[in-house]
Each structure stands twice: as C-alpha cells, then as structure tokens.
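Protein chains in written order, with our numbering: chain A, 231 to 368; chain B, 231 to 368; chain C, 231 to 368; chain D, 231 to 368.
For glycine and all other residues, C-beta sits at the position ideal for the given N, C-alpha and C.
Step one of this worksheet: look at the structure below.
Protein chains: 4
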Amino acid sequence: MTFRVRFAETDQMGVAHHGAYVVWFEAGRVEWLRERGLSYRAFEDDGLSLAVSELRLRYRRAVRFDDELTLDTRLVALRSRGCAFAYTLTLSESGELVATGESDHVATDRSGRAVRIPEPWASRLAALAGDGAAPGRC
Amino acid sequence: MTFRVRFAETDQMGVAHHGAYVVWFEAGRVEWLRERGLSYRAFEDDGLSLAVSELRLRYRRAVRFDDELTLDTRLVALRSRGCAFAYTLTLSESGELVATGESDHVATDRSGRAVRIPEPWASRLAALAGDGAAPGRC
Amino acid sequence: MTFRVRFAETDQMGVAHHGAYVVWFEAGRVEWLRERGLSYRAFEDDGLSLAVSELRLRYRRAVRFDDELTLDTRLVALRSRGCAFAYTLTLSESGELVATGESDHVATDRSGRAVRIPEPWASRLAALAGDGAAPGRC
Amino acid sequence: MTFRVRFAETDQMGVAHHGAYVVWFEAGRVEWLRERGLSYRAFEDDGLSLAVSELRLRYRRAVRFDDELTLDTRLVALRSRGCAFAYTLTLSESGELVATGESDHVATDRSGRAVRIPEPWASRLAALAGDGAAPGRC
C-alpha cells in the first residue's frame with residue numbers, strides 16, 4: 231500500500247503527527263485483506279470486529295506533508311479468538327525506514343464480547359496464515 | 231463550553247486545523263443538550279441521530295495549541311424532522327472572535343432514513359426552542 | 231481523485247463522520263494542484279499558505295467504510311490575495327452524489343498575515359484560472 | 231485529567247476508536263506539565279519538541295461516546311536527551327481500567343535533530359523526576 235501524508239495529518243512540528251500512523255496501520259490491515267480476496271467490510275457486516283487489544287509503534291524518522299509512504303503489512307499470528315499484524319513503513323522513494331509496529335486483535339461480536347472467529351472467516355484466515363503468520367502464537 | 235486546542239489538532243501552519251472546528255461544534259451541540267437536561271447519548275441509544283445535512287464555517291482568526299476557547303452554541307431552528315444550530319467561538323481570555331458557523335440537521339433512524347423527531351424528544355426540544363430557536367425555520 | 235473511506239473516519243452512526251469530508255476536500259486541493267504541475271508542499275516551503283477563511287458543505291447521502299469515492303475539485307475564483315475551490319463528491323461505482331462544497335482561501339505568510347500571492351505562484355494559478363475559475367470573483 | 235469521549239472519536243463499532251487514545255495520552259502529558267507549572271507551549275515556543283520515539287498501548291475495555299474518563303499521567307524516566315511517560319486510563323464513575331500505555335520521547339530542535347534538553351527545562355523536569363520518575367532509565 232502506498233499513500234501520501236495528508237496536510238491534516240501534520241502537526242505544528244511540521245511532520246506527520248504520531249497518531250496518524252495508527253490510522254495508516256489500520257488501513258494497511260484492510261488492504262492486506264483486500265489483496266487476498268477478503269473484505270473487512272464484509273467481516274463487519276457479519277457483526278464481527280477485530281478489536282485492537284494492544285498496539286506498539288516505534289518511530290524511526292519523521293515524515294512530512296505529501297511524502298509518499300509504502301506500508302508493508304503482515305499477519306504474524308492467528309488463533310481461534312484473535313490475531314496479530316506487523317507493519318513496516320518506509321519512504322517510497324528512498325526506502326528509508328519510517329516506523330515499525332505490531333497490533334494484537336481480539337475477535338468480538340456486535341455487543342463487544344470476545345468470540346471465536348466463526349467460519350468461513352477462520353478457515354480463510356488460516357489459509358493465509360502460511361503467508362507468514364505463526365498460527366497459535368498470538 | 232470552554233476547552234483548549236489539543237496539540238494533535240494543530241497542523242504545520244502552527245495553528246489549529248480548520249477541520250478541528252467541526253469536531254468542536256459537534257461537542258458544543260452535545261454540551262448544549264446536556265446543560266438543558268437532555269443527553270445526546272440517550273438520543274442515539276433510542277436509535278436516533280441528528281445527521282448533519284449542511285455546515286457553514288467562517289474562520290476569522292487562527293488559534294494556536296493550548297489556546298483556551300469558549301464556544302457558544304444555540305438552537306436556532308426546530309421543525310418536525312430536523313433542526314439547526316449556530317456557533318460563536320471566541321478566545322476565552324480576550325473575547326476575540328475566532329469563528330462562527332451554522333449546522334443544519336435531519337433526524338434519522340438506525341437505517342439512516344429521515345424521520346420525524348419522536349416523543350418525548352420533540353416536546354423536549356420544543357420546550358427549549360423558546361430559548362432562542364425559531365420553530366419551523368429550519 | 232478516488233479514495234476509500236477509512237475505518238477511522240466512521241462514527242457510531244456507521245457512516246463516515248461529517249468532519250472527514252473537510253480533510254478529503256483539502257486533499258482534493260492538493261491533488262488538483264499536483265495534476266497541474268504545482269506542488270502545495272513547495273508553496274508551503276516558500277513560507278506561504280492558503281488559509282481557509284470560509285467553508286460550506288452540503289451532505290446529500292451518507293457513505294460507509296470502504297466505499298470508493300470520487301472527488302472533483304475546481305478552482306472557481308482567483309484574486310490577488312486569495313482564491314476559492316468547489317467540490318463535488320460522488321460514489322465511484324454508481325455516480326450518486328454524496329456531497330458538494332466550497333472553500334474560500336486567503337494567502338498568508340509564515341506569521342499568518344494575509345499577503346498578495348507572490349510570483350511565480352500568482353502567474354501559475356492565473357494560467358489555470360481559465361480552467362474554470364472566474365478571476366476576481368473570490 | 232477528566233474528559234468525555236467525543237462523538238467524532240467513535241467508530242462504527244460504537245466505541246471510541248483506538249487511535250483516539252493516542253491523542254488523549256498526548257493531552258495528558260500537556261496537563262501533567264501544566265499542573266506542575268510547566269507549559270508545553272512555552273517549550274515548543276523555545277523551538278523544542280518531545281518527539282515520540284515509541285508508543286505502547288494496551289486496551290482493556292471499550293468506552294463509548296460521552297463516557298467520562300480519568301487519565302493518570304506519570305513521568306517515569308528522564309535523561310539528558312529524552313524522557314518517558316506512563317498512562318492509566320479509567321472510567322471516572324466506576325474506576326474500571328480502560329487502558330494503559332507508555333511513550334518514549336526524544337528532545338528535538340526545530341530541524342528535528344535530537345538535542346540535549348536545554349536549561350532551564352532540564353532542571354525543571356529533574357526537579358519533578360523525584361515525583362515518580364526514574365532518572366536515567368529512559
């Protein structure tokens with residue numbers, strides 16, 4: 231996924247605000263699923279969510295308005311009730327490392343209760359888990 | 231309602247981003263209702279929303295991180311299916327005018343369809359409409 | 231410009247928050263300039279800004295997470311110290327109208343003072359003004 | 231610091247978006263300084279910033295629009311070129327734990343370069359470090 235830093239995402243330090251990265255990582259998850267034929271919107275339409283239970287970000291280099299960034303998203307763990315993603319953000323032009331991060335997720339139903347990831351989602355995600363994820367680690 | 235400009239609300243011009251005002255005006259509506267014994271959360275819990283159909287903002291003076299602002303919110307119109315609010319934002323210390331604006335709203339149900347404002351909300355809002363609102367104008 | 235509604239841009243009504251449109255319109259201005267060989271980043275690097283002095287938005291139809299939207303941005307007025315843009319937002323697939331809006335802008339220097347748009351920016355924008363803008367109207 | 235969840239901070243899951251916590255924690259740092267007679271705005275006016283180098287958040291319980299939250303912020307480490315804060319977020323009414331987190335910071339100058347925290351800021355922060363911070367640990 232490539233995208234540009236929006237003006238509204240900058241702060242008075244003249245760089246992208248550290249909170250914007252959280253939104254980019256979330257968009258990375260959605261695109262990761264889409265590229266593999268899965269729709270997070272359909273997941274939500276089924277009354278499910280992947281609620282974030284933990285988030286870790288390491289900022290290595292500030293980025294500016296209009297910088298083009300490349301986000302690499304990976305499913306790094308999958309279990310019956312959740313999963314984990316990892317992220318690497320770089321400047322598209324130079325390849326310089328901008329930030330890394332990980333997010334842990336818990337599957338929840340409409341009332342916010344933790345649930346087992348139901349079929350067919352569990353099988354679909356499991357089929358992708360070979361794609362770098364370590365089943366059961368999350 | 232008084233509040234301070236958050237750091238995350240600034241942009242690289244060193245002032246509050248013009249999009250932040252939209253969020254402040256929304257918070258102003260919520261507080262306006264609360265001060266009059268009405269809860270917008272309870273309104274939403276009843277499956278209703280006051281969807282924004284039109285928004286107008288005039289920016290008179292930039293404000294900076296940590297500036298304390300005072301927001302004056304008024305119900306300026308009420309009809310069976312919607313209402314309108316007006317806003318005046320000033321610097322708390324000097325009273326200088328920062329921005330003015332208006333928002334028009336349509337009552338909607340959970341599916342997003344326009345509906346008549348149901349009881350007891352219609353009566354409660356009507357009782358407040360003398361408080362500056364012009365019934366039927368919206 | 232086409233883009234998708236981000237998850238973080240939704241609110242508990244299940245649709246894109248009305249504040250997100252302000253950020254999209256801003257991105258539309260940046261892309262409008264880029265498509266015409268101008269860089270808003272270079273404009274800012276020259277110590278200039280196009281501060282928003284007025285904003286008007288009309289919401290016609292709610293949009294949901296992951297909807298693909300098309301934003302048409304136009305320079306509709308240009309004068310020595312400012313300009314105005316107009317926006318039409320539609321659903322990419324159906325072409326349905328989502329929102330329209332206009333923004334008025336004042337050129338400012340680093341200290342936030344209103345200034346004449348300096349060269350070469352004034353000439354470059356004037357050359358584009360035939361592209362739909364009404365010089366002097368703003 | 232107590233505050234309410236803004237409507238714009240919710241997402242379509244009906245709870246506060248996980249990105250909003252990053253903004254709240256930042257506001258917590260600003261208020262922590264203010265309560266101790268220091269102004270982060272004055273720090274920025276001196277051309278300095280406390281850039282976030284790492285951020286960790288653990289989400290324990292979702293919160294809803296209009297929930298009143300209490301944020302406890304602590305300086306947990308201080309060194310010549312940076313510091314670290316820790317956060318505990320609870321529901322004001324019940325005291326239930328909502329989230330915890332930590333942020334690491336690097337002092338930077340206007341060009342974004344890491345610098346030693348200059349006087350009088352270094353001494354002022356050191357005087358507060360007994361207030362729970364472990365000097366040198368960050």
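Taking 8 Å as the upper bound for CB-CB distance, H335(C) and L285(B) are not in contact here, some 17 Å apart. Counting only Cβ-Cβ distances below 9 Å, E274(D) has contacts in chain A at Q242 and M243, in chain order.
Close CB contacts of G277(A) within its chain, under the 7 Å cut and outside five residues either way in sequence, are with D339 and R340 (chain order). Within chain D, A281, T338 and G342 have C-beta atoms less than 9 Å from the C-beta of A292(A), given in sequence order. Here L327(C) is exposed: its Cβ has fewer than 16 other Cβ atoms, across all protein chains shown, within 10 Å. Excluding its 5 nearest sequence neighbours in each direction, D302(C) has C-beta neighbours in its own chain below 6 Å: T318, listed in chain order. For R291(A), there is no enclosing alpha helix (DSSP H), as DSSP marks it with neither H nor E.
Around the CB of A344(C), fewer than 16 other CB atoms lie within 10 Å, so the residue is classed as exposed. A residue is called buried when at least 16 other Cβ atoms come within 10 angstroms of its Cβ; E298(B) does not meet this threshold and is exposed. In the three-state reduction of the DSSP assignment, R354(C) falls in the helix class, which pools H, G and I. In the DSSP assignment, the residues bridged to Y317(A) are T303(A) and G331(A).
Taking C-beta atoms as the reference points, A292(B) and V245(B) count as a pair closer than 8 Å. Taking 8 Å as the threshold, the shortest C-beta distance from R271(B) to chain D falls below it.
The C-alpha of L287(C) is placed about 25 Å away from the C-alpha of S269(C). In the DSSP secondary-structure assignment, V282(A) is bridged to H335(A). Under the three-state reduction of DSSP output, L268(A) falls in the coil class, being neither helix nor strand. With contacts defined as CB atoms closer than 8 Å, A357(B) and I347(B) fail to qualify as a contacting pair. For H248(A), the nearest beta carbon of chain D is closer than 8 Å to its own beta carbon. When 9 Å is used as the limit between beta carbons, V253(B) is near these residues of chain C: H247 and G249, in chain order.
When Cβ-Cβ separations below 8 Å define contact, F237(B) makes contact with chain A. Residue state for R259(B) is assigned as helix, using DSSP reduced to three classes. Taking CB atoms only, F295(A) has a neighbour in chain B less than 8 Å away. Its Cα nearest to that of E239(B), the residue F295(B) stands out among E332(B), E265(B), W262(B) and F295(B). S324(C) is classed as exposed because its beta carbon has fewer than 16 other beta carbons within 10 Å across all chains shown. When the beta-carbon positions are compared, D275(A) and F237(B) stay at least 8 Å from each other. DSSP places E274(C) within a helical segment (H, G or I) once states are collapsed to three.
According to the DSSP secondary-structure assignment, R234(B) is paired through a beta bridge with E298(B).
Of the candidates S283(C), A329(C), R264(C) and E349(C), the residue whose Cα lies closest to the Cα of A314(C) is S283(C). The C-alpha of G331(B) is placed about 27 Å away from the C-alpha of T300(C).
With a threshold of 16 other beta carbon atoms within 10 Å, S279(D) meets it and is buried. Interface with chain D (8 Å Cβ-Cβ cutoff): A257(B) is included.
With the criterion set as a beta carbon lying under 7 Å from some beta carbon of chain B, the region 298–312 of chain C has no members that meet it. In this structure, the CA atom of G267(D) is about 15 Å from the CA atom of M231(D).
Sequence-distant Cβ neighbours of F255(C) in its own chain, meaning closer than 7 Å and more than five residues away, are Y317, G331 and S333. With distances taken between CA atoms, L308(C) lies nearest to A359(C) out of Y251(C), A359(C) and V253(C). For the pair A257(C) and A281(B), the Cα-to-Cα distance works out to about 24 Å.
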